[in-house]
Each structure stands twice: as C-alpha cells, then as structure tokens.
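Taken in order, these protein sequences are the chains called A and B.
Under our numbering, the first residue of the first sequence is numbered 1, with each subsequent residue one higher.
Under our numbering, the first residue of the second sequence is numbered 1, with each subsequent residue one higher.
Report on the structure given below.
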Amino acid sequence: MNWIKLKNNTKIDALSIPAITIDELREDVRNMKLRPIGFFGKQEFENIRLYITLADDKEGMIYVSSMLFAPDIKSYDSLTKDFPQFHNFEREFYEEFGIEPKNHPWLKPLRKNQDEYPFFAMQGEDVHEVAVGPIHAGVIEPGHFRFMCQGEKVYDLEIMLGYQHRGAEALMLNPNNRLAESICGDTVIGYNMAYSQVMEALSDIKISQRAEIIRRIALEMERIAIHIGDMGAIAGDMAYLMGASVFGTTRTLVINTMLEICGSRFGRGLIDVGGVNFDITPELSDKIKSVLDDVIKIVDRTAKVMLKKPSCISRMEKTGVVSMETALQLGAVGMAARSSGVNLDSRFDFKDKWYKKCPLEKEIKENGDVYSRFNLRYREVKQSAEFINDLLEKLKENNDGIKVQTNNDLTPNSFAISITEGWRGEVVHTAITGVSGELIRYKIKDPSFNNWYMLAMAVRNNGISDFPLCNKSFNLSYCGNDL
Amino acid sequence: MIKILDILILIFMPFIMIGIIKKTKAFWGGRKGVRLFQPLYDVLRLLKKEAVYSETTSWVFKTAPVIGFSAILFAGLLVPMINGKAIMNIPFGFIIFSYILGFGKFFSLIGAMDTGSSFEGMGASREACFSTIVEPAFFIFMGSVVALTNNNSFANFKMILENAGIYGYLIIALAVITLFIMLLIEGCRVPVDDPTTHLELTMIHEVMILDNSGVDLGLITWGAGIKMFLFEALIAALIIPAGLPVWLAITAFLAIICLLSIIIGTIESSIARFRMTHVFEFIFIMSITALIILTLVTYRIYGN
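This is the structure in structure tokens:
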C-alpha cells in the first residue's frame, strides 16, 4: 500500500504515512491520474521527508504518501517533465530544501532570490521588452512582470513574485484565527475556515451544525462580494463606466451586510476554532435575504447589459484564452479553471453536505476567455445567493449553539488536511503535529499558486494593452502565492 | 472686441468643456462629481509647481511641453471662433493648422522617447500610428471643401451650403462625423483611449506624459484641453449657419460646445473602450466619410 486515503477535514496518523521511491511515485501519479494539492518537505532529524498529497476529485478522497531523502541525496529525477502540474511544487520544494529536481524545465526562483532571477531574453528586429513593477501605479500588491513583445503583440510574459514573502507558514506554527485570516486579505473566510477545520480535525472537535451553516453563509457572501467587485473592476479596465460604478456600489451592499453580521466588512473575527463568534438572528437573516435579493436584481440587470453590449463583447471575447488542455496541464484550479471548462469545485467534489441538496449543477463555461470568466462570475454570484437562501432556511432548523468549548490539545503525530473552496478556488491547509502534540509543519496552498502561470499563458499572442484586462479577469493573489 | 472674446474663450473654454465632460460622466455614474471648474484649478495648481526631471532626460524632454503647448495655441489662432472668423485669417490656414499641430505632436513624441522608458516609447508609437491615419482624412476633407467653395480658409465652412446645393446638408453631416472622430482620437477619449485609466499598458496619450510633472504637466493638460476644444470649435463652425447676428452666433457657439461635451461624456459612460486592434476599424470610418465627401464634391463639380 503506497498511499493512505483520507477524507477532507480529517486526520490520520502521521507515522503511518508510507515512504515510497521516486519511481513508484512517478508510476502511481501516471496510473492514478490525480492532481497534486500538496508537495512539501519537512525536516525529520537529519533526513528530509517530502509529503505528497493528491486529490481524487471524482471520489472526493485525498491520497497521502511521502518520500524520504537521506542527507547525502541532493537530487531526484523531476516529475515536471512528465506531469507539468508539478512545476511550481517542485520549484517550491527545491527552494526550501535545496533538493534539486533534475531536468526540471523551469527551475527558477519562486519566492526568494529575485535578484538572480534568470529572465528569458528574446532577440529580433522589432522585439522589445516591457518591465512592469514590482511597484504598480494602482493600489495593488507588488510583483514583477516582464513582457517580451513584438510590436504590440506579447510573445511571452514572465511573472516574478516573492515580494510579499512574510514566512506565513513558519508563523502558523504558533497559530491563531486572526493570523490565519490575515494571510491572504481577500479570502478571509476561506483561509480562516480552512485553518479552523484543520485544527478541529487535529483536536477532534465536532462543531455545531449552526456554526457550520453560518460559516458557509459567510463563505458564499465573500464569494458574492469579491466576484461583484471583480466584475466592476473588469468593467473599469474596459473603460465601461456604468458597469464599474454599478458593481462598485453593489459590492458595498454585500460587505456592509457582512459588517452587520460580525462587525467587519471582510468577515474578520467571525470564525474561530470551535465554531463562530457571531450568530445570525432571524431579523438579520431576513435582512440578508432582502439585501441579496436587491443585489441579485442589480447584478442581473447590469451584467446582462454588459454581456450583450457589442463594445464590451469585442473587448472581452477571445481575449486571454486559456484552453482546457492548457488549464489541465498547468493544474489550474478554482474559478479560472472552471471558466476554461475544467470541472473542479471542491464544494461538490469533496461532498460538503450543506451544498449537496442544492439543485444547481456545477457552473461551467468553457471558452476560457475573459468573457467566460466574467460570465462565470456572474453565474456564480447568482448561484451563491441561492445557496445562502437555502442555508438561511436550514439555519432555522438547527439551533444547537454557535460555539463549542475548545482546548488546545492537538492529537500527537497526526496529519490533517482541509480543502475549502474560497472564491478564487481551493484553499488547502495541511498540518502535521509532533510527539507532544505541537505543530511541526503547517502548509498552505493558495489557488493562485496553481493559477499564476495560467495568466502568463493567457496573454500570449494578445495585445499588450489587453494584459490589464486579462490580469483582472483572473485577479490572482500575490500574498497567497508568496506566503 | 470680438477677437478679445475669442482669445478668452480659446484660453478658458477648454476647462469648462472638460468640466462638463466630467460632470456628465459623474451624472451617469450616479456620483456628484467634481466642481465644474476643477480642471482649471488643477492646471493652476500644476502651473505653480516645480517640474522634476529624471537624470536620463535631455533638453528635448524639458522643451517638449512648451513647444507642444505653443503649437496648439498657435493652431488655435487659425480656427474660426464665435462669429465664424478665426483670430488670424491666413490663406491656407488649415494646412498650417494641421502641420503646426503635427509639429507639436512630434516634439511630445520625441520628448516621451527621451525618457528611455519602454512605456512611453509604446505610447509614442501608438499616438504616432493614430495620427498618421488622421492626417490624410483631414486633408481629403479640407481639400474637398476648398475645391467646392474656391475659398482656402476655414471660413469656407460657411459656404458649403450655397455651393453644394442639395448635397450641402449631407456634406455637413459627414464632415461633422469626420471631425468628431478626429476629436475623439486627438482628444484621447473613449473609445479610442481612456483618459481616466491607471493602467500604463493600455494608455496612449497618458502614458507619454508619465514622467512629466509640475508646470510641464500643467501645460500638457491645458494644451490637450485646447486641442480638443479646437475640434469642437471646427464642428461648431460647420453647424452654425452664416449671417447670424453676433449675439446669436455666440450663444449658438457656446451651446454647441456644451452639447458636444455632454455627448462625449455620455459616450464615455455608455460604451467600453475598443480593443487596440479594433480601434483602427473605428477610425477608418473617419477616412471613409472623408472619401464620401470627396466623391460628392467631385460629382458636384464635374458631374452632369
């Protein structure tokens, strides 16, 4: 038995994780046809243990295994050349532990050593390079983009990140909820939920049904708010003023409702290990319902106008296309992958019971251009509003308190994993405890980690002036990638 | 007396025009918007400030804003104003008008290139590219009107009707479309360019002036306003019929300027900016309308 199977939000005995060889791993990945969601090392005395977690999205199971590197082994044969979706994971592992994946086609710095970054260069008559960042004109995070262009056409884009590297994983060894929700500021609920679920799995806490429902309401509210904000930003980048102002004000309605729930517009402080800190009273429940009704009406009207307006269509359609094959190769996840036709949504793949009764199918739109990413956001907003209405109904029947007593006793020698579908895609948190129940490794995988390369592929052969629009349609996180 | 009024309008009307566009956009966006005279205060504030220069720039960058502004101001003297007469009436003024603007633009292009920034080089190449399409259209249109009216100044706009007979209104309508698209291109408005964007990679005019500051930026902003206003003034000259009493001509002139500003603001609020490659399809409309004018005039003169 090379792999241990576990469900989402559960733990296993860390000592029972088998150790396999690189050839076995290669064979297994090839045969099992699963995608990696974790590929990270841990110092184990003088050895380095590499944990590999694969997601089986059809069965809703997670497979865990490991590889042991003795101190004298400094390289292995790269998996990336056979399975490109490992490319970022192997770079990350190399950067952290110095074990080199041999024949990796793209072994460049991921977060550290930006000074020595080996950029590609291009030569030719009308070839020019445009360097953008790390500091941008707008109020966004730092990241360096280098375009290799022929005239107005982008031949290739290299994205160099790492400016936001704060050592979040090391900080999370002494974790708390306020820290967890600050790692990636636009996915507050998603991160906090993933962290809380990992901790609850590690300490065998069963939280109340009511708390689970409230968490999911908050998660969907976050999705609605950010999606509407992004739709407004896409409209703004196209200089479509009407869309930008309508979506901008509508987003405020949603986050102000979040403010009424928990005192923070972004949902900070709502979730704690053991449940939630704020209840949703029946009056508040009615308020949420009526606000969402208004929001959906406005979004419906404006989005429909935009999706039919020739000038908007001409700007969005066939801009930044990522084909389904490319998305699968790169291991893309979340909303961006779905808009390329990849059928991935951890809310349904990993059978979250609060979602299963919903009559809606997974939302798929298959063109992979800016238009489909806009359209998918619009449909996800509507879908999430229906989920919230459904969850608010369920809230009435579940009155079992919002928080259970917790102690900070984590089960020793355990390995726990949680996948939460944040608005951008799956947020994967993995934690390993040591002999006395202390955290010895905390690993975070943001959806942006998979998807940044998708953006580079999307702008190829597009005009350089379409880059901002492509970028906004993905809206990836810098700090989620840099950690 | 009228000429003094002309000069005052040439200098201050651009601010009101930009103010009206901003107010219109704010209205459609459901916002209160900035004060009507805010563009004027902005430029006054900038003119009081010192300009900062990067070490890589030379005298070209420093002189470009002044040359650009003077060129536009000089071009303004040739354009018919409130009662249909230009401040300076020079034979073949329209040729000087076009090339003095081209001269100013040339300096702003090499000024942008002088910074050595890849952004500004990109902006300069785009601006030059669009201008090369505007120029032939402008001369096809103006040449046709000159041939039709046997008059070589902008004053010939008022003679189109008497010379062209039944085709007069059609020619004027087509000329308004031609000039309006030129206005959108030269004024860097949506759907050709987005004057409010912060995204350097999509900008045309704005990216060329990223390095300018203080008094230089003030002159560029002011100059850009005047340039746009000149095209509005040309459209007004086309529409206002000859022989109106002076007070009525002034009122009509100002009303048309305001109306055009409101139209520009409404366009900016209601459509998205075109993709850079699709912009060419849009601005070739201007070339086509100019060619139709040429055809109509040729038919009028040599037909029958």
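Heads up, the beta-carbon is just placed ideally off N, CA and C, and yes, glycines get one too.
The model shown is predicted, which means the values in this text are computed figures rather than measured ones.
* **chain B within 9 Å of alanine 374(A), Cβ atoms only** => The displayed chain sequence assigns phenylalanine, not alanine, to residue 374(A). It does not; no Cβ of chain B falls within 9 Å.
* **Buried versus exposed call for threonine 187(A) [16 or more other C-beta atoms within 10 Å across all chains shown]** => buried
* Range covered by the beta strand (DSSP E) that runs through glycine 41(A) -> DSSP places glycine 41(A) inside the beta strand (DSSP E), whose first and last residues are 35-44.
* Asked: phenylalanine 253(B) lies in the alpha helix (DSSP H); which residues open and close that run?
  -> 246-270
* Asked: If you scan the segment 58-134 of chain B from start to end, which runs of the alpha helix (DSSP H) of 4 or more residues do you find wholly inside it?
  -> 59-77 and 93-114
* **Classification of alanine 70(A) by the beta-carbon crowding that lies within 10 angstroms, buried from 16 upward** => exposed
* Asked: Tell me, which residues are paired with glutamine 489(A) by DSSP?
  -> Past the edges of chain A, shown from 1 to 483, lies residue 489(A), and the structure says nothing about it.
* For the segment 66-94 of chain A, enumerate the residues whose C-beta is nearer than 7 Å to any C-beta of chain B, in chain order. => none
* **Touching by the beta-carbon criterion (3+ pairs, under 8 Å), the segment 333-353 of chain A and the segment 246-263 of chain A** => no
* To do: Kindly say whether leucine 201(B), judged by its beta-carbon, lies nearer than 9 Å to any beta-carbon of chain A.
  => By this cut-off, leucine 201(B) is an interface position.
* Hey, is isoleucine 18(B)'s beta-carbon within less than 9 Å of any beta-carbon in chain A? -> no
* **CB contact flag (arginine 178(A), glycine 269(A), <9 Å)** => yes
* Reduced DSSP category for aspartate 249(A) - H, G, I as helix; E, B as strand; rest coil -> Sequence check: residue 249(A) is threonine here, not aspartate. In this structure, threonine 249(A) counts as helix in the three-state DSSP scheme.
* Cβ neighbours of glutamate 92(A) in the same chain (closer than 6 Å, five flanking residues each side left out) -> Leu110
* Asked: On the three-state DSSP scale, how would you describe aspartate 13(A)?
  -> strand
* Nearest-angstrom beta carbon gap, leucine 330(A) and methionine 238(A) [assumed within contact, 8 Å] -> Between leucine 330(A) and methionine 238(A) the Cβ distance is about 26 Å, and since that is not below 8 Å, they are no contact.
* To do: Give the straight-line distance between the Cα atoms of leucine 50(A) and glycine 425(A), rounded to the nearest whole angstrom.
  => 24 Å
* Asked: For isoleucine 207(A), does the three-state DSSP call read helix, strand or coil?
  -> coil
* Would you verify that the beta carbon of glutamate 268(B) is, or is not, closer than 9 Å to some beta carbon of chain A? => yes
* State yes or no: is the C-beta of arginine 35(A) nearer than 8 Å to some heavy atom of the ligand SAH? => Ligands in the displayed structure: none, and consequently the ligand SAH is not present.
* Touching by the beta-carbon criterion (3+ pairs, under 8 Å), the segment 223-235 of chain A and the segment 249-260 of chain A -> yes
* **Stretch-stretch touch, CB-based, cutoff 8 Å, three pairs: the segment 24-32 of chain A with the segment 72-88 of chain A** => In short, these stretches touch, since the Cβ pair count reaches three.
* To do: Give a yes or no on whether 9 Å exceeds the smallest Cβ distance from serine 492(A) to chain B.
  => Summary: the structure shown does not reach residue 492(A), with chain A confined to residues 1 through 483, and so no result is reported for it.
* Please check if any C-beta of chain A sits within less than 9 Å of the C-beta of serine 131(B). => Cβ-Cβ to chain A under 9 Å: no for serine 131(B).
* Do you know whose CA, among Asp300(A), Leu344(A), Ser372(A) and Val132(A), lies nearest glutamate 317(A)'s CA? -> Ser372(A)
* So, using beta-carbon positions, are glycine 19(B) and leucine 47(B) closer together than 9 Å? -> Going by C-beta atoms, glycine 19(B) is not nearer than 9 Å to leucine 47(B).
* To do: Would you mind sorting alanine 75(B) into buried or exposed? The rule is 16 or more other CB atoms within 10 Å of its CB.
  => buried
* To do: Flag methionine 113(B) as yes if its beta-carbon sits less than 9 Å from any beta-carbon of chain A, otherwise no.
  => no
* **Whether leucine 107(A) touches tryptophan 452(A) by CB criterion (9 Å)** => Taking 9 Å as the Cβ cut-off, leucine 107(A) and tryptophan 452(A) do not qualify as a contacting pair.
* Delimiting residues of the alpha helix (DSSP H) encompassing phenylalanine 449(A) -> 447-459
* Short-range partners of chain B found in the segment 210-240 of chain A, where Cβ spacing is below 9 Å -> Ala235, Gly236, Asp237, Met238, Ala239 and Tyr240
* **Local conformation of leucine 410(A) per DSSP, three classes** => coil
* **Identity of the residue in Leu230(B), Leu219(B) and Ala255(B) nearest lysine 49(B) by Cα** => Leu219(B)
* Coil, strand or helix - proline 39(B) by DSSP -> helix
* Should serine 418(A) and threonine 406(A) be called a contact, given that it needs their Cβ atoms to be closer than 9 Å? -> no
* Do you know offhand how far phenylalanine 97(B)'s Cα is from threonine 257(A)'s? -> 58 Å
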